[in-house]
Every structure is written in C-alpha cells, then in structure tokens.
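Take 1 as the starting number for the sequence shown in full-length UniProt numbering and just add one per residue. Every residue gets a Cβ at the ideal spot worked out from N, C-alpha and C, and that includes glycine.
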Amino acid sequence: MTNPKDLRAWFEGHLKLLKLERASEKEEFDLLTSEKVKRGQTKLLERMGISIGALGVRSTNIGLGGKTIVELERPAQYHTEPKLPYHTLRSGVPVGIIDNEVGSTKSSKKSSASSSGDKLKVIEGVVSRVTETSIAMTVSSLKDDADQLELPARCRLIKLADTATFDRLEQTMEQIWEACKNLDPGGPSSEKHVKLPAKDSTPVNKELAKENSYGTPSVPHSKSNCSEEDANLPVDSSVSLTESASRVN
C-alpha cells in the first residue's frame with residue numbers, strides 16, 4: 001500500500017495547485033475591475049460578453065431562504081431595443097452589480113485623482129434566471145438582515161471570479177484524505193476475504209459426475225411392440241434382398 005507520508009504529500013501538492021488557481025482567478029477579476037478598466041474599457045468588457053451596461057431595475061422580490069432577487073432589464077428611456085446584447089452570463093454564474101457611471105468617461109475624468117485608492121463597490125450575487133429581455137440575480141452579499149439593498153439608478157452587471165468551484169474541490173480533497181487516513185495500512189485482513197469453494201466441490205461438477213456414473217440407459221424390450229422389437233434386432237447380412245421384398249409384399 002502507498003506510504004501515508006507520500007499520500008499526504010500528493011494531497012498537499014494538489015491543494016496548493018487549487019489555491020494558486022483560485023488566486024489566479026481572483027487576480028484576473030481584479031484586473032478587469034481595476035482603475036484602467038473603470039476609466040474607459042467597459043465597452044471592451046461588453047464585447048467580451050462578461051458585462052452588460054445601462055441596465056435598470058425591473059423588480060425586487062424575496063426568494064427561497066429570504067434571499068433578495070433583483071431583476072434587471074434595458075429601460076426604454078435609454079434603449080430602443082429591449083433585448084439584451086451578447087453576453088456569457090448563465091444561471092449559476094457569480095456576478096456583481098456596480099454603478100454604470102463608474103465606467104463612463106465623464107465620471108472617470110472628474111474622479112481620476114480622488115478614486116485611485118477607492119475600492120469598487122459591488123453587490124455580489126448569482127444569476128438565477130436569464131431571458132432575452134431580462135436577467136435575474138440572487139443577492140448574496142448582504143450579511144445582516146438589517147442591511148438595506150441600495151441599487152444605483154443605472155446598473156452595470158459584471159462577471160465575477162468563480163471561487164465556489166475551487167472551494168468545493170478543496171473540501172472534496174480534504175474528505176478523501178480523511179477517508180484514506182482511516183484505512184488499515186496493512187491492507188484488508190484475511191478474515192474479510194470471501195472463500196470460494198473448490199472447483200471439484202461445485203454442485204455443477206457433482207451433477208456431471210453422477211450422470212457419467214449412470215452409464216447409457218437401456219430400453220426394456222418387454223414393453224415394446226413388434227415394430228420396436230424389429231427395429232432393435234440386428235440386421236442379418238445373409239438375408240437376401242428378394243426375401244426382404246417378399247416380406248414387404
């Protein structure tokens with residue numbers, strides 16, 4: 001069996017790779033929401049399909065578990081086409097709502113010096129429903145029930161880093177390691193082995209042996225009729241063909 005130390009080293013190596021991949025995912029998201037992106041590259045995010053701008057709030061409802069569901073659409077006062085543009089946001093994808101004015105060029109020129117150290121205010125959530133004209137998001141960033149959800153007048157929806165997948169993978173790796181630690185290092189005991197019967201003692205071989213010992217069964221001639229007795233009699237080679245023909249006639 002594998003040495004427990006080597007097994008633990010293998011698990012630690014995979015957990016380290018998961019953490020590095022999670023950090024890379026977060027770094028990519030931070031790059032997309034950096035000051036350079038907020039000051040003029042929102043159109044690039046829209047072309048990439050990871051952002052939808054100039055959205056308005058259609059409705060807010062309470063869903064399962066007391067979660068707030070926000071439904072966004074393209075308002076008629078800003079758009080002539082109600083259908084959403086191209087995007088890659090699907091159900092289960094983590095997203096965030098920010099103020100649409102953050103990425104505009106007008107606001108970026110005014111706050112270029114003051115907003116260099118400010119963090120982006122994001123209302124985090126998960127996409128719950130997507131249609132041609134609207135997209136619904138379940139808010140998950142409210143830590144307290146007393147917190148009020150303050151949505152901007154014009155919203156921008158951006159895709160966030162999917163760290164939940166890495167969390168589940170890390171949890172699964174830890175569970176597998178705990179299960180491997182409980183295994184017996186010496187392997188399964190001999191008492192747990194299933195003992196199969198020998199080949200000679202199988203019922204099938206016994207039945208075949210009985211059939212072979214009986215030999216060829218004999219047919220009693222006393223109960224047979226004349227035609228059967230004639231059929232069982234040996235053929236006499238001395239009888240000519242003419243005598244056989246006369247008997248038939």
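Using a Cβ-Cβ cutoff of less than 7 Å, which residues in the same chain neighbour residue 7 once the five nearest sequence positions on both sides are dropped? The count along the sequence shown starts at 1 and reaches residue 7 at position 7. Excluding positions up to five away in sequence, the list reads 180.
Inspect the beta-carbon positions of residue 124 and residue 160 and report whether they are closer than 8 Å. Taking the first residue of the sequence shown as 1, we reach residue 124 at position 124. Taking the first residue of the sequence shown as 1, we reach residue 160 at position 160. Between residue 124 and residue 160, the gap from beta carbon to beta carbon is short of 8 Å.
Quick one: any contact between the stretch 82 to 101 and the stretch 61 to 68, if contact means 3 or more CB pairs under 8 Å? No, they do not touch.
Between 57, 102 and 165, which lies nearest to residue 92 when the distance is taken from Cα to Cα? Your numbering for residue 92 matches position 92 in the sequence shown. It is 165.
Would you give the residue range spanned by the alpha helix (DSSP H) that residue 151 belongs to? Position 151 of the sequence shown holds residue 151. Unbroken run through residue 151: none, as it is neither H nor E.
How many whole angstroms separate the CB atoms of residue 95 and residue 130, which I take to be in contact at a CB cut-off of 8 Å? On the sequence shown, position 95 is the one that residue 95 refers to. On the sequence shown, position 130 is the one that residue 130 refers to. About 11 Å; that fails the 8 Å criterion.
Residue 97 lies in the alpha helix (DSSP H); which residues open and close that run? Stepping through the sequence shown from its first residue, residue 97 is reached at position 97. DSSP places residue 97 outside any alpha helix (DSSP H); the residue lies instead in the beta strand (DSSP E), whose first and last residues are 94 to 99.
Three-state secondary structure assigned by DSSP to residue 102: Locating residue 102 in the sequence shown gives position 102, where the first residue counts as 1. Three-state DSSP puts residue 102 in a helix.
Tell me whether residue 50 is buried or exposed, calling it buried when 16 or more other Cβ atoms sit within 10 Å of its Cβ. As a first step, residue 50 must be located in the sequence shown, where it is residue number 50. By the 16-neighbour rule on beta-carbons within 10 angstroms, residue 50 is buried.
Please report how far the alpha carbon of residue 135 lies from the alpha carbon of residue 59, in whole angstroms. On the sequence shown, residue 135 is found 135 positions in, with the first residue counted as 1. On the sequence shown, residue 59 is found 59 positions in, with the first residue counted as 1. Going by the C-alpha atoms only, they are around 11 Å apart.
So if DSSP puts residue 252 in a beta bridge, which residue, or which two residues, is it bridged to? Because the chain here runs from 1 to 249, residue 252 falls outside it and cannot be looked at.
Would you kindly report the start and end of the unbroken alpha helix (DSSP H) that includes residue 47? Here residue 47 is taken as the residue at index 47 of the sequence shown, counted from 1. Per DSSP, residue 47 belongs to the alpha helix (DSSP H) from 42 to 48.
Quick check on residue 20 - is its C-beta less than 8 Å from some C-beta in chain E? Absent here is chain E; the protein component of the structure consists of one chain.
Just mark residue 193 as buried or exposed, buried being the case when its beta carbon has 16 or more other beta carbons within 10 Å. Translated into positions along the sequence shown, residue 193 becomes position 193. Legend: pLDDT at residue 193 = 45, less than 50; position of this residue unreliable, value from coordinates given subsequently. Exposed is the call here.
Contacting residues, own chain, Cβ-Cβ under 8 Å from residue 173 (five flanking each side not counted): As a working mapping, residue 173 is identified with position 173 in the sequence shown. Counting only Cβ-Cβ distances below 8 Å, and skipping sequence neighbours, we find 11, 14, 15 and 18.
What do you reckon, are the CB atoms on residue 133 and residue 73 nearer than 8 Å? Counting from 1 along the sequence shown, the entry for residue 133 is found at position 133. Counting from 1 along the sequence shown, the entry for residue 73 is found at position 73. Yes, these two residues count as a Cβ contact at 8 Å.
Helix, strand or coil at residue 156 according to DSSP, with G and I counted as helix: In the sequence shown, the residue the question calls residue 156 occupies position 156. Of the three classes helix, strand and coil, the one that applies to residue 156 here is strand, per DSSP.
Alpha-carbon spacing of residue 162 relative to residue 30, whole angstroms: Counting from 1 along the sequence shown, the entry for residue 162 is found at position 162. Counting from 1 along the sequence shown, the entry for residue 30 is found at position 30. Straight across, the Cα-Cα distance linking residue 162 with residue 30 is about 13 Å.
Enclosing beta strand (DSSP E) for residue 88 [first to last residue]: One-based indexing of the sequence shown puts residue 88 at position 88. For residue 88, no beta strand (DSSP E) encloses it, and the DSSP letter there is neither H nor E.
According to DSSP, is residue 124 part of a helix, a strand, or is it coil? Here residue 124 is taken as the residue at index 124 of the sequence shown, counted from 1. Correct three-state label for residue 124: strand.
Within 10 angstroms of the Cβ of residue 100, are there 16 or more other Cβ atoms? Answer buried if so, exposed if not. As a position in the sequence shown, residue 100 is number 100, starting the count at 1. Buried, since its Cβ has 16 or more Cβ neighbours within 10 Å.
Can you tell me whether residue 56 is buried or exposed, with buried defined as 16 or more other CB within 10 angstroms of its CB? Translated into positions along the sequence shown, residue 56 becomes position 56. Residue environment analysis places residue 56 among the buried positions, since at least 16 neighbouring C-beta atoms fall within 10 angstroms of its C-beta.
My guess is that residue 121 and residue 158 are in contact by the Cβ rule of under 8 Å, so how many angstroms apart are they, rounded? As a working note, residue 121 is residue 121 in the sequence shown. As a working note, residue 158 is residue 158 in the sequence shown. In fact, because the Cβ distance is near 12 Å, the residues do not count as touching under 8 Å.
Shortest alpha-carbon distance to residue 23 belongs to which of 167, 151, 178 and 175? Walking along the sequence shown from the start, residue 23 turns up at place 23. The residue with the shortest Cα to Cα distance from residue 23 is 167.
Under the three-state reduction of DSSP, which class applies to residue 60: helix, strand or coil? To locate residue 60, count along the sequence shown from 1; it is residue 60. Reduced to three states, the DSSP call for residue 60 is strand.
Leaving out five residues before and five after residue 71 in sequence, what residues of the same chain have Cβ atoms less than 6 Å from its Cβ? Locating residue 71 in the sequence shown gives position 71, counting from the first residue. The answer, listed in chain order, is 58, 59, 134 and 136.
Through-space distance from residue 3 to residue 182, alpha-carbon basis: In the sequence shown, residue 182 corresponds to position 182, counting from 1. In the sequence shown, residue 3 corresponds to position 3, counting from 1. Looking at the two C-alpha atoms, the distance is approximately 13 Å.
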